[in-house]
Each structure stands twice: as structure tokens, then as C-alpha cells.
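Residue numbers (the numbering used here), protein chains in the order written: chain A, 72 to 244; chain B, 10 to 263. All C-beta atoms in this analysis are idealised placements derived from N, C-alpha and C, irrespective of residue type, glycine included.
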């Protein structure tokens, strides 16, 4: 309905889509890029792209899935471009540390966030899509443009690696 | 059952994608050994912890940034016939109050009076042009020799956007074109234009037709960073500038 209204020239309809989805999209981008600035860039670009290409959107699908795919790919592009740089935000990167620090920290969520950032972007993306957003293997495959089998195997590798990272940090899962 | 297989089945059970046969195999393995049950606890704990990740509140400025970016996109949609998603607007002259042209003239006069000493020879200040024209222009804006007055054009490019700043002094109509072969370019921003400007976006080509003094800022997204762009400026039917905007290096710089 909102997409149809927007295509009919009702700009406020798109504003409502922004209101509704900016939070989830920003979160996905943030978990994948590990940076507030990059996540804002990815979210902003996703909305602009969606707006400009709205006519190509197939209404048989959910708008959220479509724009979510845009933001995930945008986030992965950003991470790819900055792979060689130290792009982690201080608020996330600074929370690493030794097992002693981990034991004292008691902030398990923080430790998990940091462990996530140690995964490769491809592994991080599947974990985020599966565990934070609850997408199915098939939906994740559609979003990332890879077969379901690849999603399953990436997810398995990512979880195994995540468990090892946490063990290494002295955090028993 | 080896550990790898056991872990795979444990995750399949958590994801609810495990088959009945595999589930029986898993339960047998779990019943058989303490080591298997320890792995089961670890996997379950990680799965539980992954669900505890807290959502992060987007910064307040995000909405403003999106709105600003969409405002540029709206201007583009309004100007480009191919998009056709925005309802046609009445001409500016129909919508504006009668006193507005006079007020606008006064404001422009004041602005010119204030800005002229800062503008100097009409070169875009470095501070306004991130990255600048790249290798071909040695980092400085290029001056356009137009029949009626002068202008400058400066280009910056990063992995996300190619930005063209066009500063005009005279009244001549200028056509600025940016092309990238095989691309599907999109305009991410367009500032400083009025109702007399027109913008056309067609696949790998973006063309802005504009006239009158002032600074126009055109942002182009979706250009492939690994491929060069071609910029062309035409005035009075004559090409006054042809420029190749080089592809970005792998590091994302120009």
C-alpha cells in the first residue's frame, strides 16, 4: 500500500517507510560493518536506492525484504572496500581483551559483539541475518545471491569460529 | 559420529531444519557420551546468547541524513522523465507569491555582495571540494572558458559517490554530462538548481542542463569504482571540457 502510494506520487508514504524500517536496517548494517558511520551510510544509501528504483520493485514480494537485501549488500560492499583498513569503531573494537578482562567484564553481549566482528564479513552477515533477524536459509541465500547450501555451510563455519573465538577469550558459551 | 557431524546436527536441530532420521541419529549420539552432551550444552549456550544481542538505537541524525538524501533524489525524480514516480508540479512561477521574485533578487544581491570577495577568481574553494579533480587537474578545479562569463568545474570521487561542483558566473546555458559505459548511474544529490534546470538520467549517462550564476552540486551514485567516468561540459553547442575521471584504486582513493 505504502509503495503504491509512493509510486502514485505521495512522498509522505515513503517517509512512513523510512520511519518503519530505518531502525532494523540500521541495526543490520551496524552488525555487519561494526561502525555507526558506515551503518548510517549504508542505511541512507539503501533508502535512496530504493526510492530511485521503486518502479523496479516487484509488489509480490515484501518491501522490507527488498530493501533489507539492498542494505546488506551495501554493508558488505563497504566492509569489502575497507577490509584492509582498521574500520572497527572504538566502541566495539575497544571491548576486546584478555580472558581476565572478559571475566571481570560480565558483559557477555559486548563480548559477543566483538567476537562477531572478528568473523569475516561473509560469515558475519549470515549470522546476523539468521540470528538477529530470523531469516530462513533460503531468504538469506536470496539476499546474498548464493545457494542455500552455501548459506548453510557458511553459517556452520561462522558459528564454529564464533564459539572458538569466545573460548579463546575465556568466555565459555 | 564424529564431532563435526555432531555439531552440524546440533545446529540443524536448533534451526529446526533437521530431518527425522538425523534427529534419531543425534539423540543416539547424545545418549551415548558425555563429550557429546558437553558440545550440546556449548552449542545451545551460543545459540541462546546470539538471541540476546540487543538492538542498537539508530543515531538521531540518521533520519535527517536520509531526508536530506531523499530530497536530492526527489529533485531528480521530478526532473527526470524516465522515473515518473513523482506527481508533476506546477511551474514555479504559478506557485510563488508575487513578492517572491523581488525578495529573491534582494537576497541574491546581498549574497553576491557578501560572497564575491570570498569567491575571488571564481575558483571553488578547496574546502568545498573534497578530493578535487584528481590527477588530471592536479587537485584544483578547472576553469571553463565560456562565451559569456566564466565557470569552474571540480570533481571528487570516492567509492560511493562521484561529485561534480559546477560554479557559473555568466548566463549561458551549460550542459554537463557524466557517462560510464555499461553502468546504471543514479543521482544521489542535486543542489543549487532552479526550475529552469533539467536533469536526465539514462542508464550510464547523467546530463544536467542549467544556466545562470551560482554553484550546482551533482552527486552520482552507482558508478562502478573500478571503471573510469567521462565528463563533458558543453556551452553554446561547443564542448568546452572533456575529462576522464579515473577509476579508483583498490584502496578506494582517487
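Sort out for me which residues DSSP pairs residue i with in a bridge.
i, result
"residue 251 of chain B", "B:241"
"residue 165 of chain B", "B:172"
"residue 195 of chain B", "B:230"
"residue 191 of chain A", "DSSP, once it has assigned bridges, lists no residue as partnering residue 191 of chain A."
"residue 78 of chain A", "Per DSSP, none; premise fails for residue 78 of chain A."
"residue 158 of chain B", "Answer by DSSP bridge pairing: none, since residue 158 of chain B is not bridged."
"residue 184 of chain B", "B:218 and B:243"
"residue 225 of chain B", "B:175"
"residue 153 of chain B", "B:160"
"residue 200 of chain B", "B:226"
Does residue i pass the burial test, meaning 16 or more other C-beta atoms within 10 Å, or should it be called exposed?
i, result
"residue 88 of chain B", "The predicted model places residue 88 of chain B with a pLDDT of 49, which falls under 50 and marks its position as unreliable, so this point remains unresolved."
"residue 99 of chain A", "buried"
"residue 169 of chain A", "Low confidence applies to residue 169 of chain A: its pLDDT is 39, below 50, so where it sits in the model is not reliable enough to give any reading."
"residue 248 of chain B", "exposed"
"residue 246 of chain B", "exposed"
"residue 223 of chain A", "buried"
"residue 105 of chain A", "buried"
"residue 75 of chain A", "exposed"
"residue 150 of chain B", "buried"
"residue 209 of chain A", "exposed"
"residue 77 of chain A", "buried"
"residue 22 of chain B", "buried"
"residue 16 of chain B", "buried"
"residue 180 of chain A", "exposed"
"residue 201 of chain A", "buried"
"residue 120 of chain A", "buried"
"residue 114 of chain A", "buried"
"residue 257 of chain B", "buried"
"residue 60 of chain B", "exposed"
"residue 234 of chain A", "buried"
"residue 214 of chain A", "buried"
"residue 195 of chain A", "buried"
"residue 254 of chain B", "buried"
"residue 212 of chain A", "buried"
"residue 44 of chain B", "exposed"
"residue 26 of chain B", "exposed"
"residue 154 of chain B", "exposed"
Find the residues of chain B that neighbour residue i, judging by a C-beta separation of less than 7 angstroms, and give them in chain order.
i, result
"residue 101 of chain A", "65"
"residue 98 of chain A", "64 and 65"
"residue 107 of chain A", "68"
Run through chain B and tell me which residues come within less than 8 angstroms of residue i, C-beta to C-beta.
i, result
"residue 94 of chain A", "64, 66 and 67"
"residue 111 of chain A", "67, 68, 70, 71 and 74"
"residue 115 of chain A", "71, 74, 75 and 78"
"residue 227 of chain A", "16, 17 and 20"
Let's see if you can read the secondary structure: which residues bound the alpha helix (DSSP H) around residue i?
i, result
"residue 181 of chain A", "179-188"
"residue 136 of chain A", "134-152"
"residue 12 of chain B", "12-23"
"residue 122 of chain A", "107-123"
"residue 201 of chain A", "Premise fails: residue 201 of chain A is in no alpha helix (DSSP H) and is neither H nor E."
"residue 227 of chain A", "219-239"
"residue 37 of chain B", "29-41"
"residue 212 of chain A", "208-215"
Under DSSP, the beta strand (DSSP E) around residue i begins and ends at which residues?
i, result
"residue 170 of chain B", "170-177"
"residue 207 of chain B", "207-211"
"residue 217 of chain B", "214-219"
Give the interface partners of residue i over in chain A, defined as CB-CB distance under 7 angstroms, in chain order.
i, result
"residue 197 of chain B", "119"
"residue 82 of chain B", "119, 122 and 123"
"residue 16 of chain B", "231"
Run through chain A and tell me which residues come within less than 8 angstroms of residue i, C-beta to C-beta.
i, result
"residue 238 of chain B", "In chain order: nothing, as chain A lies at least about 18 angstroms away."
"residue 230 of chain B", "116, 119 and 120"
Output, in chain order, the set of chain A residues within a Cβ distance shorter than 9 angstroms of residue i.
i, result
"residue 43 of chain B", "Per Cβ cutoff of 9 angstroms: no residues; residue 43 of chain B is ~16 angstroms from chain A at best."
Could you name the residues of chain B that residue i contacts, counting a contact when the two beta carbons are closer than 9 angstroms?
i, result
"residue 202 of chain A", "56, 59, 60 and 62"
"residue 150 of chain A", "Ordered by position in chain B, no residue passes the 9 angstroms Cβ test against residue 150 of chain A, which lies about 12 angstroms from the chain."
"residue 89 of chain A", "72, 75, 76 and 79"
Is there at least one Cβ from chain E nearer than 8 angstroms to residue i's Cβ?
i, result
"residue 115 of chain A", "Looking at the structure shown, chain E is missing, and the protein chains on hand are A and B."
Check whether the stretch 180-187 of chain A touches the stretch 130-147 of chain A, counting contact only when three or more Cβ pairs, one atom from each stretch, lie closer than 8 angstroms. Remark: fewer than three beta-carbon pairs, one from each stretch, lie closer than 8 angstroms, so the stretch 180-187 of chain A and the stretch 130-147 of chain A are not flagged as touching.
Within 8 angstroms, do at least three Cβ pairs link the stretch 28-41 of chain B to the stretch 77-95 of chain A? No, the stretch 77-95 of chain A does not touch the stretch 28-41 of chain B.
Contact between the stretch 152-161 of chain B and the stretch 184-192 of chain B: three or more CB pairs below 8 angstroms? Taking 8 angstroms as the limit for Cβ pairs, the verdict is that the stretch 184-192 of chain B does not touch the stretch 152-161 of chain B.
Given 8 angstroms as the limit, is there contact between the stretch 170-188 of chain B and the stretch 61-81 of chain B, that is, 3 or more CB pairs closer than that? Flag = no, the stretch 170-188 of chain B and the stretch 61-81 of chain B do not touch.
Tell me, please, whether the stretch 198-211 of chain B touches the stretch 48-60 of chain B by the rule of three or more beta-carbon pairs shorter than 8 angstroms. With a cut-off of 8 angstroms, the stretch 48-60 of chain B and the stretch 198-211 of chain B do not count as touching, because too few Cβ pairs lie within range.
Is it true that the stretch 117-137 of chain A meets the stretch 87-102 of chain A, where meeting means three or more beta-carbon pairs spaced less than 8 angstroms apart? They touch, by the three-pair rule.
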